[in-house]
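So for the sequence shown, our numbering puts the first residue at 714; every next one is plus one.
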Amino acid sequence: MPIAPSPSRVVLVAVLVVLLGSCAGPGNAPAAAPSLAPPASPAASAAASTVPPVAPSTPARPGTFPIPAGATIVVDPGHNGRNGPGSGIDRPVPDGRGGTKPCNTTGASSAEGYPEHAFTWAVSQDLAQRLRARGYRVVLARDSDDGVGPCVDVRGEAGARAHAAAVISVHADGGPTSGHGFHVLYSSPPLNPAQRGPARALADAAVTAMRGAGFTPATYIGRGGLDARGDIAGLNLASVPSVLVECANLRNPADAALARSPQGQQRLAEALAAAVG
Ligand code: ZN
């Protein structure tokens, strides 16, 4: 049996007819009918607004710098084996802030003569292997340990040339004998969007990974393992997120022993690899 319309429903329909008639004049498109769906609950609205438009296939591990598998990472082993007198290694190149820096240097060495270039080469080889095993494409900034250069400005632009998601430059320091520990350098004040936040995030992730692996933040420089710097050409010239990690202080006997031991090099490479996730 049909149900007779109630008086209130008749009034509502009449009001709608009047409203629609007033909007649908010549040249006016009819107004869109209001949605009849019930409003979303506050909880549902909040959930919808926090869901990313495209979910990552593999969630980044907390504290890491997120880089998807398949992306390119530049690993830069600092210095080189033939960077010495007569190699022309000290010719000036742009420093990225309007000045110049020497093309490169011979690097630091331990009291016993263990050179920084050999350390950076060993750790970088291991780091590259670990990253490749996780599906990253790795480009090394130099391809041997018995050459000259490349200059710091060329290294600084290596990330952009390789279309890399990040650059990790591996070094060891020549600090005061009494000081020990690692520090992570990033460009500051920033000169471009990659330096404005992502480079700091990469530096934070590197510090977290190094501390998590049991390494001590430097006791003689930086703050808590972080070192904001404006004088590093390779970082100034970088237009992708880049950090320079001084893994240890070669002038400190305990740090030098760590840096030259295969076990120490492996632990450092493992820690640096853990910075990206
Ligand atoms: Zn160095």
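All C-beta atoms, glycine included, are put in the ideal place defined by N, C-alpha and C.
Model, not experiment: these values are computed from the prediction.
| field | Coarse secondary structure for Pro975, derived from DSSP in three states | value | DSSP, read as helix, strand or coil, puts Pro975 in helix.
| said: Whole angstroms are fine: how far does the CA of Ser800 sit from the CA of Pro930? | reply: Roughly 34 angstroms between the two C-alpha positions.
| request: May I have the straight-line CA-CA distance separating Ala782 from Val851, to the nearest angstrom? | output: Those two C-alpha atoms are separated by around 11 angstroms.
| query | Within the present structure, is the beta-carbon of His884 separated from the nearest heavy atom of the ligand ZN by less than 6 angstroms? | reply | Result yes, Cβ under 6 angstroms from the ligand ZN.
| query | Taking just the CA atoms, how far does Ser952 sit from Ser754? | reply | Confidence at Ser754 is low in this model, with a pLDDT of 40, below 50, so the placement of that residue is unreliable and no value is reported for it.
| said: Any heavy atom of the ligand ZN closer than 6 angstroms to the beta-carbon of Gly937? | reply: Checking the 6 angstroms criterion, the Cβ of Gly937 is out of range of every heavy atom belonging to the ligand ZN.
| Closest Cα partner of Ser822 within the set Leu957, Asp886, Ala946, Gly990 | Out of Leu957, Asp886, Ala946, Gly990, Asp886 has the C-alpha closest to the C-alpha of Ser822.
| request: Tell me Arg774's beta-bridge partners as DSSP assigns them. | output: Per DSSP, none; premise fails for Arg774.
| Hey, Ser900 and Asn949: beta-carbon distance below 7 angstroms or not? | In this structure, Asn949 lies closer than 7 angstroms to Ser900 by Cβ.
| Beta carbon of His876 nearer than 7 angstroms to that of Gly791 | Contact: no.
| request: May I ask you to check if the CB of Gly797 is nearer than 6 angstroms to at least one heavy atom of the ligand ZN? | output: Not so, every heavy atom of the ligand ZN lies at least 6 angstroms from the Cβ.
| query | In the region 850-879, which residue ranges form an unbroken alpha helix (DSSP H) of at least 4 residues, counting only runs that do not cross its ends? | reply | The qualifying runs are 865-869, 871-874.
| request: Give the C-beta separation of Ala918 and Ala988 to the nearest angstrom, bearing in mind that I take them to be a contact with Cβ-Cβ under 8 angstroms. | output: Right, their Cβ atoms sit about 4 angstroms apart.
| task | Provide the residue span of the beta strand (DSSP E) that contains Pro807, from first to last. | result | From DSSP, the beta strand (DSSP E) with Pro807 extends over 805-807.
| said: Suppose you measure from the CA of Ser955 to the CA of Glu825; what does that come to, to the nearest Å? | reply: The C-alpha of Ser955 lies about 31 angstroms from the C-alpha of Glu825.
| If you run the structure through DSSP and keep just helix, strand and coil, what is Arg913? | Secondary structure of Arg913 (DSSP, three-state): helix.
| field | Rounded Cβ spacing between Leu963 and Ala970 (contact assumed at less than 8 angstroms) | value | That pair is no contact at about 10 angstroms.
| Selected residue, minimal CA-CA separation from Arg855, among Gln976, Leu844, Trp834 | Selected option, being the one with the closest Cα: Trp834.
| request: With a 10 Å radius around its C-beta and 16 neighbouring C-beta atoms as the bar for buried, classify Asp859 as buried or exposed. | output: Asp859 is exposed by the Cβ-count criterion.
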